[in-house]
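Everything on this sheet refers to the single structure shown next.
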Amino acid sequence: MPITLLDGVLLLIMFISAVLAMIRGFTREVFSIASWVVAAIVTYMFWQDVLPYTQQYVDDRTVALGLTVAGIFFITLIVVSLVTMRISDFILDSKAGPLDRTFGFVFGAARGLLLVVIAVLFLNFFISPEHQPTWIADARSKPWLDSMGQDLMNALPEDPEAEIIERFRQEDAERRAQPAGSSSDATGPAGTYDADDQNALNRQLSQ
């Protein structure tokens, strides 16, 4: 297969992404991804606690849920990003800075490759391979990009957005179904006596 424009675009995107990651440093690139993960975890852990406060101002429960999730996520993301930015700047200015930039270059190249793989996935979805331009269909990198795209699709759930939304709805429904208090379960029904209390009461009455 000849080298076509798609091969050149792939190399250019990988190079630009690698240079940008080298400038920012490997630590900052990894922390930027970690910030999103941390924000997602914090949102998952605390949205049920914050939702009642949001509902005091928003009547629609679905809207309140969306605002709660979005608010916790983005506030956490901003705070964590500010902290990780200071840490990554410190590492870049230290003796480990050159090594951090080298790893950043490699990371950026891999990220650029992933971006092109995703772009080709979308292209294949909207335009069938037999109708694609020659510079795409005949590119030397096209079989590799298609193969990596298929592996990526196989690793993902069928409908991740629906799964996430359904998980939030299920947990919200379970939380609403729980009784307000469970003290009666621990102490027994109100107004009842055990055997010792009944005997003591009988002795008091017989005096």
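Residue numbers (full-length UniProt numbering): 1 to 207.
Even for Gly, the Cβ is constructed at its ideal location relative to N, Cα and C.
With at least 16 other beta carbons inside 10 angstroms of its own, Leu65 counts as buried.
Rounded to the nearest whole angstrom, the CA to CA distance from Asp93 to Leu113 is 28 Å.
CA-to-CA, the gap between Phe90 and Phe46 works out to about 31 Å.
Only exposed fits Met153, as fewer than 16 other CB atoms lie within 10 angstroms of its CB. Looking at the backbone, the Cα of Trp144 and that of Asp7 are separated by about 11 Å. Pairing Ala40 with Ser141, the inter-Cα distance amounts to about 35 Å. Proximity to Ala109 across Val30, Arg61, Met14, Thr84 peaks at Met14, based on C-alpha coordinates.
Sequence-distant partners of Leu121 (beyond 5 residues in either direction) whose C-beta falls short of 6 Å from its own C-beta, in its chain, are Gly149.
Excluding residues up to 5 positions away in sequence, Pro129 lie with their Cβ nearer than 7 Å to the Cβ of Ala137 in the same chain. Bounds of the alpha helix (DSSP H) holding Ser35 are 26-55. Within its own chain, the residues whose Cβ lies closer than 7 Å to the Cβ of Arg24, once the five positions on either side in sequence are excluded, are Gly104, listed in chain order. Straight through space, the alpha carbons of Leu5 and Leu67 are spaced by roughly 44 Å.
Glu166 sits exposed, since fewer than 16 C-beta atoms from the chains shown fall within 10 Å of its C-beta.
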